[in-house]
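Read the structure below first, then the notes.
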Amino acid sequence: MTQQQIKNLEKELWDAADELRGNSKLTAAEYKDPLLGLVLLRFAQNRYEDAKVSIANSLPINPRTGKQREATKDDFAGAGAILLPEKAKYEYLASLPESEDIAEAINNAMKLIEAEYQDLAGILPKSYQEFDDKLLRDLVRVFNKDAVRHAKGDVFGRIYEFFLMKFSMQGAGAQEGGEFFTPPSLVNLIVNFIQPNHGIILKMKFMLI
């Protein structure tokens, strides 16, 4: 994807997401964390799908059974991804019928990931019940377009940073002393956090200064 294509995608996604918020009763501050949570969840699935292919090509075949063993969390970590439970996959959420509670399903997806990765406990957003059902379904569809489904890590880093900048311009991170803007170095850290390739995942707390 070229730089211009990435810029176009950033703007297209932001315009769609911001228009949805504009038609809701949510403030930018209320909207920010759940929206960015969906971006990270979409990226986690993209990494999962890429890793699944590479793992399938690398796992040895058991000579007695003629089959490969089941991939583990360690296999996915070695491939730079996290092992997503079935009901935590973005595709599962995007395909839920209208009769299902989409907010509860997304909250549950975040809880399932935290249950599998204890170091993530308490970090992922789980306030999707505050969103109108139609708003949330439309928002999930925004990040399920083909261009997003095939985006790689550097593209998501750019999108994440772009969204943070836009939210800061709207005052979503405002405090009494002014506003904040998350620097690119922290954005890269957040993106790398869900794309581990070695070592131990550490629990982080974010402070606004």
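Residue 1 is where the sequence shown starts when you use UniProt numbering, and the numbers rise one by one after that. Built from N, CA and C at the ideal position, the CB exists for glycine as well.
C-alpha distance - residue i paired with residue j, whole-angstrom precision
| i | j | result |
| --- | --- | --- |
| D125 | N62 | According to the sequence displayed, residue 125 carries Pro and not Asp. When rounded, the distance between both Cα atoms is 41 Å. |
| M110 | K67 | 32 Å |
| K166 | R64 | 56 Å |
| L135 | P60 | 45 Å |
| G153 | S99 | 33 Å |
| I159 | R69 | 36 Å |
| T27 | Q170 | 9 Å |
| A77 | I123 | 19 Å |
| K89 | E49 | 10 Å |
| K25 | D138 | 15 Å |
| Q4 | A151 | 14 Å |
| A29 | S58 | 44 Å |
| G22 | L164 | 17 Å |
| W14 | A51 | 28 Å |
| L38 | A71 | 25 Å |
| T2 | N108 | 36 Å |
| K11 | D75 | 35 Å |
| A121 | E19 | 31 Å |
Which listed residue (the options) has its alpha carbon closest to that of residue i
| i | options | result |
| --- | --- | --- |
| R42 | N144, G157, V155 and F162 | N144 |
| L36 | G171, F162, A81 and Q170 | F162 |
| L40 | M169, V155 and Q129 | V155 |
| S127 | E104, A147, R137 and D119 | E104 |
| Q118 | A56, I55 and K73 | K73 |
| E130 | D33, A71 and A56 | D33 |
| A56 | L38, A44 and A79 | A79 |
| I6 | S168, G157 and L164 | G157 |
| S168 | Y31, T2 and E19 | Y31 |
| S54 | L38, A81 and K11 | A81 |
| A94 | D75, M1, D146 and A121 | D146 |
| A91 | L20, A44, K11 and E19 | The displayed chain sequence assigns Glu, not Ala, to residue 91. Considering only alpha carbons, the answer is A44. |
Rounded Cβ spacing between residue i and residue j (contact assumed at less than 8 Å)
| i | j | result |
| --- | --- | --- |
| V142 | A17 | 6 Å |
| residue 210 | N8 | Given that the chain is displayed from residue 1 to residue 209, the structure contains no residue 210 and the question cannot be resolved. |
| I106 | D133 | Wrong, their Cβ atoms sit about 11 Å apart, outside the cutoff. |
Chain C contact for residue i (CB, 9 Å cutoff)
| i | result |
| --- | --- |
| G66 | The chain labelled as chain C is not found in the depicted structure, where only one protein chain is given. |
Bridge partner(s) assigned by DSSP for residue i
| i | result |
| --- | --- |
| I61 | Q68 |
Q: State whether the stretch 82 to 92 contacts the stretch 113 to 128, with contact taken as three or more CB pairs (one from each stretch) at a distance under 8 Å.
A: These segments touch.
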